[in-house]
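Sequential numbering from 33 applies to the sequence shown in my numbering. Everything below concerns the one structure shown next.
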Amino acid sequence: MTPDGNTAAIDGWFENVRPLTAREKELIALSAANTDEAKVKAMMGVTHWIDDLPFEAAITRQASQPTVNIEGLVAGYTGPGGKTILPGRAAAKLDLRLVPNQTRAEAERKLRAHLDAHGFPDVEMKVTGGYDPTEVAENARLIRAQKEAYAAMGVKANLFPRLAGSWPGAVFTAPPVSIPATQFGIGHGSGAHAPDEYFVIDSTNPKVAGMSRASLGFVELMYQLAGTS
Numbered sequence: 033m034t035p036d037g038n039t040a041a042i043d044g045w046f047e048n049v050r051p052l053t054a055r056e057k058e059l060i061a062l063s064a065a066n067t068d069e070a071k072v073k074a075m076m077g078v079t080h081w082i083d084d085l086p087f088e089a090a091i092t093r094q095a096s097q098p099t100v101n102i103e104g105l106v107a108g109y110t111g112p113g114g115k116t117i118l119p120g121r122a123a124a125k126l127d128l129r130l131v132p133n134q135t136r137a138e139a140e141r142k143l144r145a146h147l148d149a150h151g152f153p154d155v156e157m158k159v160t161g162g163y164d165p166t167e168v169a170e171n172a173r174l175i176r177a178q179k180e181a182y183a184a185m186g187v188k189a190n191l192f193p194r195l196a197g198s199w200p201g202a203v204f205t206a207p208p209v210s211i212p213a214t215q216f217g218i219g220h221g222s223g224a225h226a227p228d229e230y231f232v233i234d235s236t237n238p239k240v241a242g243m244s245r246a247s248l249g250f251v252e253l254m255y256q257l258a259g260t261s
């Protein structure tokens, strides 16, 4: 990482990153204009964006740059009491989030080469999973049906070119399957992957779908998909 911890410094990490198209930049600008920045900050529990960037620049960076995140660090004695010992082992768990046109194999290879070149050939790498980045064309039948489904349910939705999270969509969008794949749903939840993760089952707010309405949302998507050519 760079000294400020904000940018990955793996050798060659950005060389295959595909620049955003003019249309992708337009979609990001529309999302920024239609999103309440203060509410997003409150939801994420932050007061400013990385490098103090303005909102549109921050989400442009989110959509266009790969990341290297440290999920956890463990070293030395961590049990009760004290031990006057030197750590004999240290472990760091990372996740690498990729963008087109990077690949999982490339990311693994470059991390290994970076460690070796900077004096850490003894650091062992254990890759526990991963997949290539994925994307679907804006004019794909599935995406058009999804937009129509949201509109039919009265849900205002932004079309954003990239998802910050990770999911194995490439299993479907890449050869040999090569079909569009997306994520869809209505309702409200938060805290994904955390102990207090939740989803609203019975909603008392007419503007928020509970589990039953959220389930019917998928029925609406199927209707729209059947009627989209």
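In this text, a Cβ means the ideal position worked out from N, Cα and C, and glycines have one as well. From a predicted model like this one, the values you see are computed outputs, not experimental measurements.
{"query": "What residues in its chain sit with their C-beta under 7 Å from that of residue 170, if we drop five residues either side in the sequence?", "result": "191"}
{"query": "To the nearest angstrom, report how far apart residue 58 and residue 123 are at their CA atoms.", "result": "42 Å"}
{"query": "Within 8 Å (strictly less), CB to CB, does residue 163 reach chain B?", "result": "Within the model displayed, chain B is absent; a lone protein chain is all it includes."}
{"query": "Identify the continuous beta strand (DSSP E) that holds residue 125 and give its terminal residues.", "result": "122–129"}
{"query": "Work out the CA separation of residue 242 and residue 218 for me, nearest whole Å.", "result": "9 Å"}
{"query": "Between residue 107 and residue 119, which are expected to be in contact by the criterion C-beta below 8 Å, what is the C-beta distance as a whole number of angstroms?", "result": "5 Å"}
{"query": "List the endpoints of the continuous beta strand (DSSP E) containing residue 99.", "result": "99–107"}
{"query": "Check each candidate in 199, 144 and 177 and name the one with the smallest Cα separation from residue 189.", "result": "177"}
{"query": "Which one of 251, 128, 131 and 110 has the shortest CA to CA distance from residue 121?", "result": "110"}
{"query": "Count the other CB atoms within 10 Å of the CB of residue 256; is the residue buried (16 or more) or exposed (fewer)?", "result": "buried"}
{"query": "In whole angstroms, give me the CA-to-CA distance for residue 164 and residue 233.", "result": "34 Å"}
{"query": "So which of 115, 166 and 77 has the shortest CA-CA distance to residue 207?", "result": "166"}
{"query": "Beta-carbon within less than 7 Å of residue 222's beta-carbon, same chain only, minus the 5 sequence neighbours each way: which residues are those?", "result": "230"}
{"query": "Between which two residues does the alpha helix (DSSP H) carrying residue 148 extend?", "result": "136–149"}
{"query": "What residue range is occupied by the uninterrupted alpha helix (DSSP H) comprising residue 256?", "result": "243–258"}
{"query": "With DSSP run on the structure shown, which of helix, strand or coil describes residue 230?", "result": "strand"}
{"query": "Taking contact to mean 3 or more Cβ pairs, one atom from each stretch, closer than 8 Å, check whether the region 61–72 and the region 142–153 are in contact.", "result": "no"}
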